[in-house]
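Novice: Protein chains in written order, with UniProt numbering: chain Y, 1 to 243; chain R, 1 to 243.
Dumping the structure here so I can ask a few things about it.
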DNA sequence: TAAATAGTGTCTGTGAGACATTATAAG
DNA sequence: CTTATAATGTCTCACAGACACTATTTA
């Protein structure tokens, strides 16, 4: 083993290598529910099924750079909060050849989500149906706005499921909730985002108290405009709050 | 982009691919402190520095299988709790060529840790010095039993640091603490393991209460043997406890 | 002034840290 | 009976859920 690795180490062509790709889970909020942006596969294999945007990793490109490139070129999104999720290395993930894929989680504010949908990238928004509670994990399915199921390609259902699990797990002790909101937001919007990620409602006063006590939010002084009734105060994320 | 990917997808030789490896962070407890098993590099590059055991991923081998193979062949350990940690994809990680490495965390009970040290694998135990508190993350250094620093190879200090961060983060809501203990253990041993991972002492009665209330531990009826004073009750991990 | 949502106050239960106290086995 | 550790009891505080209440803006 040591010798064969020695050889492999100095002769790049000695062993056949898996292909290496990145796949992006583009998450946002649509109609108060968690949603992902998917591409419809037009070619075999898995033609007609829905897939995560992805691409191969260049030989002189870091994984993060590859993810950013896919975000830009395949989804038409300039910036988003990107975070490595997990690496999927099943042998038969793709029938064409061995592809190991590093999955990334990208969190899009509502405006960026809508913009990506309207752009030329042919992305479709899929509402995520999460039948499990808490952070235990479990399957996730994707449906259209009307509730019609969308068949997912390859192992992308597993990737989506892990993305939701990770997002739920990080909700309470990181700033992921803010990554899905515009820079200025009301506490109600923030609470709705948290409820969508958790898949369960939250207590209003307890939620507001927690956000305040942790120092995560800072008042902007401004108020919501164009509401039918009493406008809410606008806040922004206060990065100085302790984690 | 779409076209070049199409070509890459069907012609495996069309683009140069990064090499893909796994690296294992073998963690255990030594002298009440967190420790890792390392190999001394005998050849260039980075000769004399200390590295994590690792190996290349076979073309028809899953990532998990590659990690298990390295565990067996390079560390001489039959079984351990293995968990994917993170994938390191810096372009200049290794000066020989582009190598993307999937890091795995392996948790060894004290006996397996000692056995691996005594085996023929030339592994050395390095005590981990963790200068940061909580789950924030930060640098980690490795020292010998006498406190002499061990220079780590490549980006392996980053991998170790992330392993410790992950371990701390999972300590309170998963069973990682039990993975470092033999099947039967005293509550004091369990508390010592938790203290070693946290890098901070724990309150005794609160700790026992928490372990009991969560249903994580089950009494065996047996007691410690060979102690100078009152022997403690032996417990085992109760997998039915809720997480 | 009615409607509808924004925002606050207070009670209660849970869980963890601090610390004192009791229990028990070995010599 | 001494010693050292095992194991438990209790006080207090922090924090979150439940729920009722007050405040404010628009139409």
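Idealized CB from N, CA, C, for every residue including glycine.
This one's a predicted model, so the numbers in the text were calculated from it and none came from an experiment.
Judging by CA-CA distance, which residue of 107(Y), 128(Y), 22(Y) is the nearest neighbour of residue 148(Y)?
Specialist: For the residues 107(Y), 128(Y), 22(Y), the minimum Cα distance to residue 148(Y) belongs to 128(Y).
Novice: Which of the three DSSP states is assigned to residue 94(Y) in this structure?
Specialist: Coil.
Novice: With DSSP collapsed to three states, give me the class of residue 141(Y).
Specialist: The answer is strand: DSSP assigns residue 141(Y) an E or B state.
Novice: Please list the terminal residues of the continuous alpha helix (DSSP H) segment that includes residue 101(R).
Specialist: Not the alpha helix (DSSP H): residue 101(R) falls in the beta strand (DSSP E), residues 99–107.
Novice: Starting from residue 86(R), follow its DSSP beta bridges and name the residues at the other end.
Specialist: For residue 86(R), which the question treats as bridged, DSSP gives the partners 103(R).
Novice: So which residues of chain Y does residue 227(R) contact, with C-beta pairs closer than 7 Å?
Specialist: Per Cβ cutoff of 7 Å: no residues; residue 227(R) is ~39 Å from chain Y at best.
Novice: Taking the straight line between their C-alpha atoms, what separation do you get for residue 122(Y) and residue 25(R)?
Specialist: Approximately 42 Å, taken between the alpha carbons.
Novice: Roughly how many whole angstroms lie between the Cα atoms of residue 54(R) and residue 232(R)?
Specialist: In a straight line, the C-alpha of residue 54(R) is about 40 Å away from that of residue 232(R).
Novice: Please confirm whether residue 60(R) has its beta-carbon closer than 8 Å to some beta-carbon of chain Y.
Specialist: At least one chain Y Cβ lies under 8 Å of residue 60(R).
Novice: Assign residue 16(Y) to buried or exposed, taking buried as 16 or more other Cβ atoms, counted over all protein chains shown, within 10 Å of its Cβ.
Specialist: Exposed: under 16 other Cβ atoms inside 10 Å.
Novice: Apart from the five residues on each side of it in sequence, which residues of its chain come closer than 6 Å, Cβ to Cβ, to residue 172(R)?
Specialist: Excluding positions up to five away in sequence, the list is empty.
Novice: Label residue 109(Y) either buried or exposed according to how many other C-beta atoms from any shown protein chain fall within 10 Å of its C-beta, with 16 as the threshold for buried.
Specialist: Result: buried.
Novice: With a threshold of 6 Å on Cβ separation, who are the neighbours of residue 253(Y) within its own chain once the five nearest residues in sequence on each side are excluded?
Specialist: Outside the shown range of chain Y, which is 1 to 243, sits residue 253(Y), and nothing can be said about it.
Novice: What does residue 90(Y) reach in chain R if we use C-beta pairs closer than 7 Å?
Specialist: Those are 62, listed as they occur along chain R.
Novice: When the cut-off is 8 Å and only beta carbons count, does residue 104(R) lie next to chain Y?
Specialist: Chain Y, which has no Cβ nearer than 8 Å to the Cβ of residue 104(R), makes this no.
Novice: Interface residues of chain R around residue 95(Y) at Cβ under 7 Å?
Specialist: Neighbours of residue 95(Y) on chain R: none; closest Cβ ~11 Å, over 7 Å.
Novice: Could you compute how far the alpha carbon of residue 141(Y) sits from the alpha carbon of residue 93(Y)?
Specialist: Roughly 18 Å between the two C-alpha positions.
Novice: Helix, strand or coil for residue 194(R)? Go by DSSP, reduced to three states.
Specialist: Helix at residue 194(R).
Novice: In three-state terms, what does DSSP make of residue 159(R)?
Specialist: Helix at residue 159(R).
Novice: According to DSSP, what are the bridge partners of residue 29(R)?
Specialist: DSSP output for residue 29(R) lists 34(R) as bridge partner(s).
Novice: Does the segment 41–48 of chain R touch the segment 64–71 of chain R, meaning 3 or more C-beta pairs lie closer than 8 Å?
Specialist: Cβ pair count under 8 Å is below three, so no.
Novice: I'd like the span of the alpha helix (DSSP H) that includes residue 209(R), first residue to last.
Specialist: Taken as a continuous stretch (DSSP letters only), the alpha helix (DSSP H) holding residue 209(R) covers 204–213.
Novice: Return no unless some Cβ of chain R is closer than 8 Å to the Cβ of residue 100(Y).
Specialist: For residue 100(Y), the answer is yes, since a Cβ of chain R falls inside 8 Å of its Cβ.
Novice: Using a Cβ-Cβ cutoff of less than 7 Å, which residues in the same chain neighbour residue 125(Y) once the five nearest sequence positions on both sides are dropped?
Specialist: Hits under 7 Å: 30, 35, 37, 117.
Novice: Just the chain R side, please: which residues come within less than 9 Å of residue 83(Y) by C-beta, in chain order?
Specialist: Those within 9 Å of residue 83(Y) in chain R number zero; the least Cβ separation is about 11 Å.
Novice: Can you pull the chain Y residues whose beta carbon is under 7 Å from the beta carbon of residue 18(R), in chain order?
Specialist: The contacting residues are 20, 57, 59.
Novice: Quick one: what does DSSP say residue 57(R) is sitting in, helix, strand or coil?
Specialist: Coil at residue 57(R), not helix or strand.
Novice: I need the boundaries of the beta strand (DSSP E) containing residue 129(Y), first residue and last residue.
Specialist: Taken as a continuous stretch (DSSP letters only), the beta strand (DSSP E) holding residue 129(Y) covers 124–129.
Novice: Taking its Cβ as the centre, do 16 or more other Cβ atoms sit within 10 Å of residue 77(R), making it buried, or is it exposed?
Specialist: The residue is buried, with at least 16 neighbouring Cβ atoms inside 10 Å.
Novice: When you compare the CB of residue 87(R) with every CB in chain Y, is at least one pair closer than 8 Å?
Specialist: Yes - at least one Cβ of chain Y is within 8 Å of the one on residue 87(R).
Novice: Is DSSP giving residue 20(R) helix, strand or coil here?
Specialist: Residue state, collapsed to three classes: strand.
Novice: Reducing DSSP to helix, strand and coil, say where residue 121(Y) ends up.
Specialist: DSSP places residue 121(Y) in coil when its eight states are reduced to three.
Novice: Looking only at C-alpha atoms, which of 212(Y), 225(Y), 228(Y), 226(Y) sits nearest to residue 237(Y)?
Specialist: The option with the nearest alpha carbon to residue 237(Y) is 212(Y).
Novice: Closest to residue 48(R) by CA distance: which of 112(R), 79(R), 154(R), 136(R) is it?
Specialist: Ranking 112(R), 79(R), 154(R), 136(R) by Cα distance to residue 48(R) puts 154(R) first.
Novice: For the beta strand (DSSP E) containing residue 237(Y), list its first residue and its last residue.
Specialist: From DSSP, the beta strand (DSSP E) with residue 237(Y) extends over 233–237.
Novice: For residue 165(R), does the count of other Cβ atoms within 10 angstroms reach 16, so buried, or fall short, so exposed?
Specialist: Buried.
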